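Written below as C-alpha coordinates is the structure these notes are about.
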Amino acid sequence: MKPINWREYIVSSLDVLRGKPRIKGTRIPVSLILGYLAAGNTHDQILQEFPDLQKEQIAACLDYARDLADFETVAS
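For the sequence shown, numbering that gives the first Met the number 0 assigns the number 0 to the initial residue and increments by one for each residue that follows.
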(Lines of atoms letter the chains of each structure in order from A and count residues from 1; the text may use other names and numbers.)
(Lines give C-alpha, C1' and ligand atoms only; values in the text may rest on other atoms or scores of the structure.)
Protein backbone atom coordinates (compact mmCIF):
# COMPACT_ATOMS: atom_id res chain seq x y z
CA MET A 1 0.00 0.00 0.00
CA LYS A 2 1.34 3.46 -0.88
CA PRO A 3 2.06 6.02 1.85
CA ILE A 4 -1.05 7.68 3.26
CA ASN A 5 -1.39 11.35 4.17
CA TRP A 6 -3.67 10.98 7.17
CA ARG A 7 -4.70 14.65 6.91
CA GLU A 8 -6.76 13.73 3.84
CA TYR A 9 -8.79 11.19 5.84
CA ILE A 10 -8.88 12.36 9.47
CA VAL A 11 -10.78 15.46 10.63
CA SER A 12 -11.79 17.03 13.90
CA SER A 13 -14.55 19.57 14.51
CA LEU A 14 -16.12 20.63 17.78
CA ASP A 15 -19.66 20.06 16.50
CA VAL A 16 -19.09 16.33 15.78
CA LEU A 17 -18.07 13.89 18.54
CA ARG A 18 -17.03 16.85 20.72
CA GLY A 19 -13.94 17.36 18.56
CA LYS A 20 -12.56 13.83 18.73
CA PRO A 21 -10.55 12.92 15.62
CA ARG A 22 -12.75 10.94 13.25
CA ILE A 23 -12.70 9.54 9.76
CA LYS A 24 -13.75 12.25 7.33
CA GLY A 25 -17.37 11.96 6.22
CA THR A 26 -18.27 9.66 9.11
CA ARG A 27 -18.89 9.70 12.82
CA ILE A 28 -16.37 6.89 13.33
CA PRO A 29 -13.68 8.01 15.78
CA VAL A 30 -10.07 7.18 15.04
CA SER A 31 -9.79 5.70 18.54
CA LEU A 32 -12.43 3.09 17.70
CA ILE A 33 -10.50 1.87 14.64
CA LEU A 34 -7.22 1.86 16.60
CA GLY A 35 -8.96 -0.17 19.30
CA TYR A 36 -10.05 -2.75 16.74
CA LEU A 37 -6.49 -2.97 15.42
CA ALA A 38 -5.04 -3.23 18.94
CA ALA A 39 -7.45 -6.11 19.63
CA GLY A 40 -5.92 -8.00 16.70
CA ASN A 41 -8.57 -7.38 14.05
CA THR A 42 -7.37 -7.30 10.46
CA HIS A 43 -8.20 -4.58 7.95
CA ASP A 44 -10.64 -7.00 6.30
CA GLN A 45 -12.40 -7.75 9.59
CA ILE A 46 -12.79 -4.03 10.26
CA LEU A 47 -14.16 -3.50 6.75
CA GLN A 48 -16.74 -6.22 7.39
CA GLU A 49 -17.82 -4.39 10.55
CA PHE A 50 -17.80 -0.98 8.83
CA PRO A 51 -18.54 -1.64 5.13
CA ASP A 52 -18.49 2.08 4.24
CA LEU A 53 -14.81 2.37 5.18
CA GLN A 54 -11.86 1.91 2.84
CA LYS A 55 -8.45 0.38 3.57
CA GLU A 56 -6.84 3.79 3.07
CA GLN A 57 -8.94 5.22 5.90
CA ILE A 58 -7.77 2.48 8.26
CA ALA A 59 -4.15 3.07 7.23
CA ALA A 60 -4.68 6.79 7.84
CA CYS A 61 -5.69 6.01 11.44
CA LEU A 62 -2.38 4.21 11.94
CA ASP A 63 -0.40 7.05 10.37
CA TYR A 64 -2.25 9.52 12.59
CA ALA A 65 -1.31 7.49 15.68
CA ARG A 66 2.32 7.29 14.50
CA ASP A 67 2.49 11.06 14.12
CA LEU A 68 1.06 11.53 17.62
CA ALA A 69 3.66 9.12 19.02
CA ASP A 70 6.42 11.17 17.34
CA PHE A 71 5.16 14.42 18.83
CA GLU A 72 7.74 15.97 21.12
CA THR A 73 7.10 18.33 24.00
CA VAL A 74 9.61 20.53 25.70
CA ALA A 75 10.04 19.68 29.38
CA SER A 76 10.33 22.62 31.71
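Every residue gets a Cβ at the ideal spot worked out from N, C-alpha and C, and that includes glycine. Please read all numbers here as calculations on a predicted model, not as lab measurements.
Whole angstroms is fine: what's the gap from residue i's alpha carbon to residue j's?
i     : j     : result
Glu7  : Lys23 : 8 Å
Ala38 : Trp5  : 21 Å
Leu36 : His42 : 8 Å
Gly18 : Phe70 : 19 Å
Ile9  : Gly34 : 16 Å
Have a look at the options and flag the residue whose alpha-carbon is nearest the alpha-carbon of residue i.
i     : options             : result
Ile20 : Tyr63, Pro2, Asn40  : The residue you asked about is not Ile; residue 20 is Pro in the sequence shown. Closest by alpha carbon: Tyr63.
Leu61 : Ser11, Asn40, Ile32 : Ile32
Please confirm whether residue i and residue j have their CB atoms less than 8 Å apart.
i     : j     : result
Asp13 : Pro28 : Asp is not the amino acid found at residue 13; the sequence shown has Leu there. Going by C-beta atoms, Leu13 is not nearer than 8 Å to Pro28.
Ile3  : Ala68 : no
Whole runs of the beta strand (DSSP E) within the stretch 21 to 63, excluding any shorter than 3 residues:
DSSP runs (the beta strand (DSSP E)) wholly in the stretch 21 to 63: none.
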